[in-house]
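Worksheet for the structure shown next.
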Amino acid sequence: MTDSIREIRLGLAAGEFSSVEITQDYLNKINLHNPTLNCFITITDELALEQAKAADESIARGEIKTLTGVPIAHKDIYCTDGIKTSCASKMLDNFIAPYDATVIEHFKRDGAVILGKTNMDEFAMGSSNENSYYGSVANPWDLGRVPGGSSGGSASAVAAGLAPAATGTDTGGSIRQPAALCGITGIKPTYGRVSRYGMIAFGSSLDQGGPLAHSAEDCALLLQTMAGFDPRDSTSIDQSVPDYSVDLAQDIEGIKIGLPREYFAEGLDADIANVIASAVDEFRRLGAEIVDITLPNTKLSIPVYYVVAPAECSSNLSRFDGVRFGYRCDNPTDLEDLYKRSRGEGFGDEVIRRIMIGTYALSAGYYDAYYLKAQQLRRLIKEDYEKAFERVDMILCPTTPEVAFKQGEKTDDPVSMYLQDIYTISLNLAGLPGMSIPAGFSQGLPVGLQLIGNYFEESRLLNVAHRFQQATDWHLQSPEMK
Amino acid sequence: MSLKKEAVRKIAHLARLQIDESDLDRYATDLSNILTLFEQMNQVDASDIVPMAHPMDATQRLRPDEVTELDQRDKFQAIAPDVNRGLYRVPKVIE
Amino acid sequence: MTDWESVIGLEVHAQLATSSKIFSGASTAYGSEPNTQACTVDLGFPGVLPVLNAEVVKMAIKFGVAIGAKICSHSVFERKNYFYPDLPKGYQISQFELPIVGTGSLEITAEEGAKKTIGITRAHLEEDAGKSLHDEFVDQTGIDLNRAGTPLLEIVSEPDMRSAKEAVAYARKIHSLVRYLEICDGNMQEGSFRCDANVSVRPVGQKELGTRTELKNINSFRFLERAINHEIQRQIDLIEGGGKVVLETRLYDSSKDETRSMRSKEEANDYRYFPDPDLLPVAVDEADIEAIRASLPELPDEKRRRYLDTLKLSEYNAELLSSNRDTAVYFEQALSRAPELKDQIVNWILGDLSAALNRNEVEIQDSPVTPQMLADLLQRIADNTISGKIAKEVFEAMWRGEGSTDRIIEARGLKQITDSSEIEGLIDDVIAANPTQVEQFRAGKEKVLGFFVGQIMKQSKGKANPGQVNSMLRDKLK
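First to last, the protein sequences are chains A, B and C. Using the working numbering, the first residue of the first sequence is number 16, and each one after it goes up by one. Using the working numbering, the first residue of the second sequence is number 1151, and each one after it goes up by one. Using the working numbering, the first residue of the third sequence is number 27, and each one after it goes up by one.
Here you go:
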């Protein structure tokens, strides 16, 4: 069996195996390893086999769509009609979504099979997957370490071979950081490229869905399904989606890749710096021209992000009030008690912290100093990138300052956890696309390399990543699962 | 910047979050640390910069005025904590 | 004794007459079963997103153009955050810093016919909340979210009004305008047109404004006047009794004719407005505005001026006929059928027709006597087919649905007698039957003439042409 979607498609089309067989195979692995990894909140085994059977019938009739019969796992942030959609929160432990997210509809349209819903940081708030009502997720490379977050369940499942690919969402690095820590490939597209409809909101102006898989080639296929204009999302971009696979193999001779000096400064682990340096050499060999660039306002992205994202989430999460759906406290004495206890008991610590920070940043007397100031600095951060892209075609840097850290290592210190996002969050503030690809190892743990593209240049990103993956085999390494 | 317990209590009320008295100190410390992180923003004068609420400089798309949603009350209310005669119920509100 | 001056500003919430909601495709129809017109967006379900209704923007611009306001080229929707069970998302999408309609004004006819200009600060778009039903259950409040997401245009005036009567005149003018523009059905009972009044008092001559209170829950113009007058008096009594007015929201209770403080909302709110990240700035360009301006119907003030200048109606009649769009439509339709009978049409609309409408509580657009039927009726008076008196009978019959003027005249044999020989016969009979009165007339008692006319009309069952009867009678009696 293979974990490559490209090969699964070929095998299904050639009749080498059926969708039922391969789906059952993944379900077996999930049943075997999920108790240790905890990367699934819900396993939709019956539905998966039903869909696989229907896919096999389609294939027999010669009706093959881009993902017909391919099993995929979905982050539990995407609403799935008739299936529990918890966002890893006690608040939504009983929430059976009555509709499909647009992304889920697209996967159905293209014939994919759903294996289950993956674990995550509650409401996508976290960088370690330790903020889940359903417990933390283990990194398959070292079970005592975190898989990253918030799409930690998706990354862990793909890395461990429990699914060939999974969906994720990225508000400040939630696809790229876990992809890096688990040694897989993930892409966060340009803001507005993938519909946010039915994707439970964290920071609306930052959230963007994308795939996690083993290769850029597979990500291209998955992004093809996920992307596209959606009239139900006002921030969705009405621009045609290019064929992401067609230019994958194109030569990258002469491409200008910028290295932002601020991203290689203090705080970066020396091993990681070495791994990235080797990767840069590889890109040189592929014909890339490496350029030194500067993104001077990068250091502001942490405070700016941790004002903007909590401000938006404090309002986005007000709808969880125990009235129409979700958790309601026992025997509320009055309306205020209903609200306060339902929310206080239904949300976990980190969610409460961020709601409070956001509430404070928007409140009378503080709005100008925090929220408005952050929105002003956000523009400076975006302008840094605009200037950089006048000189280079792409930007390269580490995805994270450290490799996967130990479970519990940073849980008592929210700020040190926030600093893990230093290289990823500025893209979300600017709305730019970015990828993380495996680039080597440090102390036996995967190191991720981040590529940042200009707006709507996902094809270019995938092309550059693919060329790198053709020249290297870091993305083919997998942890040994006992 | 450090937040007092009383301020945390006020924010929690504004956000309608029940916080145990015993947890107030912990939240006060955490929030104060986060606010300290925000102080970096003071290093830059941004007074003449237009605030940016969206990453893209797009404008609102408009939808035709058509009724497209049909009644799905039963489906929606099947997951509600307390409904009766089609109404969502909350403890009595006194106006 | 201090002389007091009251200062009033109004906030009008006009529900925009769209088919679907402001941010969702659910229906806005009134009166359905609870929560059957609330879709996932209206219910604030996780992950769902708002998309703006094009018609709502168009309607707001119509209003803005009609009050001569500047239309914002990039207006912004913001979130007003607060918790309330009829507000499903925990925030209301509204406009705050950059409303779609900027400063404008409206001219009202104040007391004693004087014109007064009232400033309009702004008008912004927002979504309505649902309804809390407090009497459905013993210990619980029921929530119906059918109304949640209904588009509202909130029209905020300057504190330019100085009496309850002025406030009512302004509210009526806005009401008339939104109906003319066909952007709101104006139904106050169903809550499609709601007024909140900000009221304060100050000693005459004082510059600074007194502390205001906000009156809510007013669902008719009559109650608006009463609630304001009541509140003015309450504030004066309070101050004169040594008390102080406190900034608060007060509910008007029409059954008790009193206002009372809304204690549950006393707590100072911190709404934490910020731009809604799910929605982008609404762009409106000059071409859009000009296209809408060109499509506007004739508005009440223009109509009134035309009635005065071109149709030469009196100031009073022009005002009455133009202030209600449906009355004006009725008038103009009748007039187009019988342009030569302008004065009669005006008199009948403001007289018999209005009386019948009031008596039967029917709106003019639903009148069983259509403008065409009324014009036909007046034509039959003009061409002497019937008298004015018989016309009233025909009108009543038409109201009851007995058919057209001509059909009723025919069926009831109401055609006026204009044949001289027939009238002469009637006159002769009456003269012969009343010799005493003939003597009196000839002795100079002119008044007796009326007695004869009356007798003749009675004999003819009202059908004899009164003019002919008069002149022929005089000849006969000489």
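By construction, the Cβ of each residue, glycine as well, lies at the ideal position given by its N, Cα and C atoms.
- The residue among A/Cys234, A/Asn53 and A/Asp115 with its C-alpha nearest the C-alpha of A/Asp18 is A/Cys234.
- C/Tyr333 and C/Gly35 have their alpha carbons spaced roughly 31 Å apart.
- Residues of chain A whose Cβ lies closer than 9 Å to the Cβ of C/Phe249 do not exist; the shortest such Cβ separation is about 29 Å.
- Three or more Cβ pairs drawn from the segment 53-60 of chain A and the segment 132-139 of chain A lie within less than 8 Å of each other, which places the two stretches in contact.
- Contact annotation, A/Lys90 with A/Ala181: C-beta distance approximately 7 Å; criterion of less than 8 Å satisfied.
- Counted as a single uninterrupted DSSP element, the alpha helix (DSSP H) harbouring A/Asp296 occupies residues Ala285 to Arg300.
- Distance check between B/Thr1209 and each of C/Asn107, C/Pro307, C/Gln463 and C/Glu448 places C/Pro307 closest, using alpha-carbon atoms only.
- Straight-line spacing of the CA atoms in A/Leu274 and A/Gly126 works out to 40 Å.
- Under the three-state reduction of DSSP, A/Ala180 is assigned to strand.
- Within chain B, no C-beta atom comes nearer than 8 Å to that of C/His150; the closest sits roughly 15 Å away.
- Per the Cβ contact rule, the segment 471-480 of chain A is not in contact with the segment 304-316 of chain A (fewer than 3 Cβ pairs under 8 Å).
- DSSP places A/Ala326 inside the alpha helix (DSSP H), whose first and last residues are Ser316 to Asn331.
- According to the DSSP secondary-structure assignment, C/Ser32 is paired through a beta bridge with C/Val227.
- Between the C-alpha atoms of A/Ile74 and A/Ala28 there is a straight-line separation of about 7 Å.
- Within 9 Å of the CB of B/Phe1226, the CB atoms of chain C belong to Asn61, Ala64, Cys65, Thr66, Leu69 and Phe71, in sequence order along the chain.
- Neighbourhood of B/Arg1211 in chain A, by CB distance below 8 Å: Pro246, Ser249 and Asp253, in chain order.
- Pairing A/Leu227 with A/Gly201 gives a Cβ-Cβ distance under 9 Å.
- Within the segment 349-379 of chain A, those residues whose Cβ lies closer than 8 Å to any Cβ of chain C are, in chain order, Leu350, Tyr354, Thr374, Leu377, Ser378 and Ala379.
- Counted as a single uninterrupted DSSP element, the beta strand (DSSP E) harbouring C/Asp170 occupies residues Gln166 to Asp170.
- Within the segment 105-136 of chain A, the residues whose Cβ lies closer than 9 Å to some Cβ of chain C are Leu107, Phe110, Ala112, Pro113, Tyr114 and Ala116, listed in chain order.
- Any Cβ of chain A closer than 9 Å to the Cβ of C/Leu306 would place that residue at the interface, and such an atom is present.
- About 4 Å separates the CB atoms of A/Gln66 and A/Val128; that is less than 8 Å, so the two are in contact.
- Within 10 angstroms of the beta-carbon of A/Tyr259 lie 16 or more other beta-carbons, which makes it buried.
- In the structure shown, C/Asp279 adopts extended strand secondary structure according to DSSP, grouped into three states.
- Apart from the 5 residues on each side of it in sequence, C/Glu251 sits with its Cβ closer than 6 Å to the Cβ of Ala190 and Val194 in its chain, given in chain order.
- Beta-bridge pairing by DSSP links C/Ser287 to C/Arg276.
- Between the C-alpha atoms of C/Thr129 and A/Tyr386 there is a straight-line separation of about 28 Å.
- A residue is called buried once 16 or more other Cβ atoms fall within 10 Å of its Cβ, and A/Asp136 is buried on that count.
- Taking the C-beta atoms as reference points, C/Asn491 is found no nearer than 9 Å to C/Phe478.
- Bounds of the beta strand (DSSP E) holding A/Ala228 are Gln223 to Ala228.
- Contact of A/Gln465 with chain B by beta-carbon distance below 9 Å is absent, the smallest such distance being about 18 Å.
- Between C/Leu179 and C/Ile209, the gap from beta carbon to beta carbon is short of 9 Å.
- Three or more beta-carbon pairs drawn from the segment 425-443 of chain A and the segment 141-157 of chain A are found closer than 8 Å, and the two stretches are therefore classed as touching.
- Within the segment 158-171 of chain C, Ser158, Leu159, His160, Glu162, Phe163, Asp165, Gln166, Thr167, Gly168, Ile169 and Asp170 place their CB atoms closer than 7 Å to a CB of chain B, listed in sequence order.
- CA-to-CA, the gap between A/Lys44 and A/Arg24 works out to about 20 Å.
- Within chain A, no residue has its CB atom less than 9 Å from the CB of B/Asn1234, the nearest being about 13 Å off.
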